[in-house]
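Residue numbers (the numbering used here): 16 to 354.
Glycine residues also receive a C-beta, built at the ideal position from the N, C-alpha and C atoms.
Only a predicted model underlies this, so the values are computations on that prediction, with no experimental measurement involved.
Notes follow once the structure below has been shown.
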Amino acid sequence: MKNFNFCAALLLLLVFLSSCGGDALHVDVSDVSVPGFTIKRLDQDLFTMDTSDIQNTTLKLQAKYGSFYPVFFSRIINNGDVRDSAYAFRLKQFIYDRDMRETFETVKKVYPTTDALKEELTGVFRHLLYYFPDKKIPAIVTMISGYNQWIIPVDSTLGIGLEMYLGSDNKFYQMLALPRYKTMFMNKENIVPDATRELLISAFPYNMDKSDFLSEITYMGKILYLTDAMLPDVHDTIKIRYSGEQMDYCRQNEFNIWSYFAAQKLLYTTDQAEIMKFTAEGPFTSALSKESAPRIGYWMGWQIVRQYMKANPKVTIPELMAERDAQKILQKAKYKPSK
């Protein structure tokens, strides 16, 4: 009888776990290797460089960082071409700027090593290779971007601006008058989810067969679901950059939001100005109330894709990412939020 009770309890537990949408994403990736993965620290190399010999030092930087370095100099810190006659002057001006020096000192204190970052990203890459064995793992470069970039993909490199993750109350964010809806997510815990999302957008570019509202939110829903798969233990609020209150708003108003989309006939609009009202960055969704969460269309797309995968358990993640028909995903999801 004891054995029977134990088996019955185990069966109930398995049934419960199988009903949890995210449990299928907890896969064993311990045997997946990520060969040769390192993090290069352009922030350290740049701010400790020998400025008495800019030419040779630059050659070393270009050899180490490849195509990323000229992009960093020209596009990220907006200092012109490395071949310009004013290159040496502008480089020194950047690395000897008082605020940049103080920023570098702060970055050194907050990120004396990148060991923890490497461990977390290794987990992400293991999950990526588990589902997509042929995907190439990007090189990771940390940098000080002059408060210009959080995460930026450049060719096969993913750049991470460490000064954008110094803690939401950092004095430089206040000096720059960055809005609270941005600074509240400029913390250590946000680096890997942000990097994961940007990596996936780069690795899986838009592939929907239409450019209407439903297709755009479904595409981002696929990216966020894939982020679920890469980071199965990370809270939803961090993955989509929501506060707890914003997430509560979405969950409490899911039926009303979906009904609004239907009533306004928004799902099949191709009007980009209209689409942006529900997908643009900001403190809230401009077409709704000031209490709403931002980018609410993307959150809705996420729920559609989650429901699609739950309702169609035989669909694999690679098959999901290859699917181009948003209408098919919606129909097979049987997505009907309740009141």
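{"query": "Where His142 falls, given that 16 or more other Cβ within 10 Å makes a residue buried", "result": "buried"}
{"query": "Limits of the unbroken alpha helix (DSSP H) element including Ile332", "result": "Ile332 to Ala337"}
{"query": "Integer Cβ distance of Pro168 from Ser217, believed to fall under 8 Å", "result": "4 Å"}
{"query": "7 Å CB neighbourhood of Met235 in its chain, flanking five on each side removed", "result": "Tyr313 and Gly316"}
{"query": "Neighbourhood of Phe88 by C-beta, 6 Å cutoff - its chain only, sequence neighbours within 5 removed", "result": "Asn94 and Val97"}
{"query": "Cβ contact (3+ pairs, closer than 8 Å) linking the segment 57-69 and the segment 109-128", "result": "yes"}
{"query": "Start-to-end residues for the beta strand (DSSP E) that takes in Met179", "result": "No beta strand (DSSP E) contains Met179, which DSSP labels as neither H nor E."}
{"query": "Buried or exposed (CB count within 10 angstroms, at least 16 for buried), Gln318", "result": "buried"}
{"query": "Backbone CA spacing between Glu231 and Glu338 [nearest angstrom]", "result": "13 Å"}
{"query": "Local conformation of Ile54 per DSSP, three classes", "result": "strand"}
{"query": "Per-residue burial, Glu334 [other beta carbons within 10 Å of its own, 16 or more giving buried]", "result": "exposed"}
{"query": "Close Cβ partners of Ile323 (< 7 Å) along its chain, the five nearest in sequence each way excluded", "result": "One point to set straight first is that residue 323 is Tyr, not Ile, in the sequence displayed. Only Ile344, Lys347 and Ala348 meet the Cβ criterion."}
{"query": "Stretch-stretch touch, CB-based, cutoff 8 Å, three pairs: the segment 204-213 with the segment 235-253", "result": "yes"}
{"query": "Beta-carbon proximity check, Leu181 vs Val125, cutoff 9 Å", "result": "yes"}
{"query": "Collapsed DSSP secondary structure at Lys343 in the structure displayed", "result": "helix"}
{"query": "Same chain only: Cβ atoms within 6 Å of Lys197, ignoring 5 sequence neighbours per side", "result": "none"}
{"query": "Residue from Ile152, Ile253, Gln70 and Thr172 whose Cα sits closest to the Cα of Asn202", "result": "Ile253"}
{"query": "Backbone CA spacing between Asp130 and Lys79 [nearest angstrom]", "result": "20 Å"}
{"query": "Residues near Phe276 by beta carbon distance below 7 Å, same chain, minus five either side", "result": "Leu282"}
{"query": "Start-end ranges of the beta strand (DSSP E) lying completely within the segment 118-157, minimum 3 residues", "result": "none"}
{"query": "Own chain partners of Pro355 with C-beta closer than 8 Å, once the 5 adjacent residues on each side are dropped", "result": "A query on residue 355 cannot be resolved here, the shown segment of the chain reaching from 16 to 354 and no further."}
{"query": "Which of helix, strand or coil DSSP assigns to Ile166", "result": "strand"}
{"query": "CB contact flag (Ser171, Ala192, <9 Å)", "result": "no"}
{"query": "Gln261: first and last residue of the uninterrupted alpha helix (DSSP H) it sits in", "result": "Gly259 to Gln267"}
{"query": "Where Thr53 falls, given that 16 or more other Cβ within 10 Å makes a residue buried", "result": "exposed"}
{"query": "Coarse secondary structure for Thr252, derived from DSSP in three states", "result": "helix"}
{"query": "Closer than 9 Å to chain B by CB, Met64", "result": "This model lacks chain B altogether; it includes just one protein chain."}
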